[in-house]
């Protein structure tokens, strides 16, 4: 293209979407919704040993309006379900959701009167992580899956649900 | 733990007929007390025998037994290192018993939990509300006749209850 000839190595040209998605995927702001032992494992994932900062997602804040990645880590009770739904609704689009662990994904072994049998009954989910709790590597894999999804032309689950 | 085998006779000497039976299980002494005498019995054990701690208060639903429920009081004496259980049977037709809160304040939340989970009313309780379930919840989930798969979601859910995998 002409612009590179004129300015040499100072510029590269790309499509705007791809530039924005590149920025998004390396600067995910996670909002942890930690209700059980999965949240402890998530802390290990963010900690120095596994270091989620390597993937640009280290700014973990309980601040849904500034976040674009909701990580539901733990059992969600029927009593907490409206809270989770409200937090999800408060997040600005585009937004992605990781369902971390057996409980968030299916209710786990809490098949009883108190527990939501999987958060996908309440909110759309992009990536499910198996495990009870999942190891930090699995959580990082989920994050990479989200990055791949951002890179691809796939819409977030939030927009297809 | 100190020997607790004397307590059934001590209670019988004091409350007579109101002490229904007693037994030993898992190295612990259990005394079954008529429900109208449970609070005096608790006060007696606290004042005369140093049971300063109500460590737990819970309920058992026997479903088919008459009377159906047992309220179980787990008493502990910190000074004597002694543990004693007292139980009061409660029928399902009149699921009520006097509150133990005047004797031990820790009974407050325990009794709210038993009300929430089993639907037993505690007469004289200062604030008998649900403690774990939400206010909208109908029924008492730890009763044996509460359907095991019954759900009461607060907000609409995508899948019908009981349907785990979308088809």
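Chains as they are written, first to last, in our numbering: chain A, 408 to 568; chain B, -19 to 147.
The beta carbon of each residue, even a glycine, is placed where N, CA and C say it ideally should be.
{"Query": "Any idea what DSSP makes of residue 0 of chain B, helix, strand or coil?", "Result": "strand"}
{"Query": "Starting from residue 97 of chain B, trace the alpha helix (DSSP H) in both directions and tell me its first and last residue.", "Result": "87 to 98"}
{"Query": "Rounded to the nearest angstrom, what separates residue 456 of chain A and residue 548 of chain A at their Cα positions?", "Result": "15 Å"}
{"Query": "Would you kindly work out how many angstroms separate the C-alpha atoms of residue 449 of chain A and residue 546 of chain A, rounded to a whole number?", "Result": "7 Å"}
{"Query": "Within 10 angstroms of the Cβ of residue 540 of chain A, are there 16 or more other Cβ atoms? Answer buried if so, exposed if not.", "Result": "buried"}
{"Query": "Below 6 Å CB to CB, which residues in the same chain sit around residue 36 of chain B once its five sequence neighbours on both sides are set aside?", "Result": "54"}
{"Query": "Would the beta-carbon of residue 527 of chain A fall within 8 Å of that of residue 138 of chain B?", "Result": "yes"}
{"Query": "For the putative contact between residue 71 of chain B and residue 97 of chain B, defined by C-beta atoms under 8 Å, what is the C-beta separation to the nearest angstrom?", "Result": "The Cβ separation is near 18 Å, so there is no contact."}
{"Query": "Counting Cβ pairs closer than 8 Å, one from the region 2 to 15 of chain B and one from the region 61 to 79 of chain B, do we hit at least three?", "Result": "yes"}
{"Query": "At 4 residues or longer, what runs of the alpha helix (DSSP H) sit wholly inside the region 428 to 470 of chain A?", "Result": "444 to 453"}
{"Query": "According to the neighbour-count rule (16 or more other Cβ atoms, all chains shown, within 10 Å of its Cβ), is residue 512 of chain A buried or exposed?", "Result": "buried"}
{"Query": "Taking only three categories from DSSP, how would you classify residue -8 of chain B?", "Result": "helix"}
{"Query": "Determine, for residue 475 of chain A, whether the minimum Cβ-Cβ distance to residues of chain B falls below 8 Å.", "Result": "no"}
{"Query": "Could you pull the start and end residues of the alpha helix (DSSP H) that residue 477 of chain A belongs to?", "Result": "Segment 476 to 480 is the beta strand (DSSP E) holding residue 477 of chain A; no alpha helix (DSSP H) there."}
{"Query": "What ranges does the beta strand (DSSP E) occupy inside the region 13 to 58 of chain B, keeping only unbroken runs of at least 3 residues that lie completely in it?", "Result": "33 to 41, 49 to 57"}
{"Query": "So, do the region 498 to 517 of chain A and the region 475 to 485 of chain A have three or more beta carbon pairs nearer to each other than 8 Å?", "Result": "yes"}
{"Query": "Any idea what DSSP makes of residue 569 of chain A, helix, strand or coil?", "Result": "Given that chain A is displayed from residue 408 to residue 568, the structure contains no residue 569 of chain A and the question cannot be resolved."}
{"Query": "Going by alpha carbons, who is nearest to residue 509 of chain A out of A:442, A:431, A:421?", "Result": "A:442"}
{"Query": "Under a Cβ-count criterion, where at least 16 other Cβ atoms within 10 Å of its own Cβ denotes burial, should residue 3 of chain B be classed as buried or exposed?", "Result": "exposed"}
{"Query": "Could you check what DSSP says for residue 78 of chain B in three-state terms: helix, strand or coil?", "Result": "strand"}
{"Query": "Output yes if chain A places a C-beta closer than 8 Å to the C-beta of residue 147 of chain B; else output no.", "Result": "In this prediction, residue 147 of chain B has a pLDDT of 40, which is less than 50 and means its spatial position is unreliable; nothing more can be read from the coordinates."}
{"Query": "Below 8 Å on C-beta distance, what does residue 53 of chain B contact in chain A?", "Result": "Going along chain A, no residue has its Cβ under 8 Å from residue 53 of chain B, so there is no contact; the nearest lies around 26 Å."}
{"Query": "Would you mind telling me which residues of chain B sit closer than 7 Å to residue 492 of chain A, beta carbon to beta carbon, in chain order?", "Result": "135"}
{"Query": "Can you tell me whether DSSP reads residue 181 of chain B as helix, strand or coil?", "Result": "Only positions -19 to 147 of chain B appear in this structure, which leaves residue 181 of chain B out of reach."}
{"Query": "Let me make sure I understand the geometry here. Which of B:-6, B:43, B:30 has the alpha-carbon closest to that of residue 124 of chain B?", "Result": "B:43"}
{"Query": "Classify residue 81 of chain B: buried if its beta carbon has 16 or more other beta carbons within 10 angstroms, exposed otherwise.", "Result": "buried"}
{"Query": "What is the DSSP secondary structure of residue 137 of chain B, reduced to helix, strand or coil?", "Result": "coil"}
{"Query": "Where are the alpha helix (DSSP H) runs, 4 residues long or more, that stay fully inside the region 505 to 559 of chain A, in chain order?", "Result": "508 to 513, 543 to 558"}
{"Query": "Can residue 91 of chain B and residue 102 of chain B be called in contact, C-beta distance under 8 Å?", "Result": "yes"}
{"Query": "Using the three-state DSSP reduction, which class does residue 423 of chain A fall into: helix, strand or coil?", "Result": "helix"}
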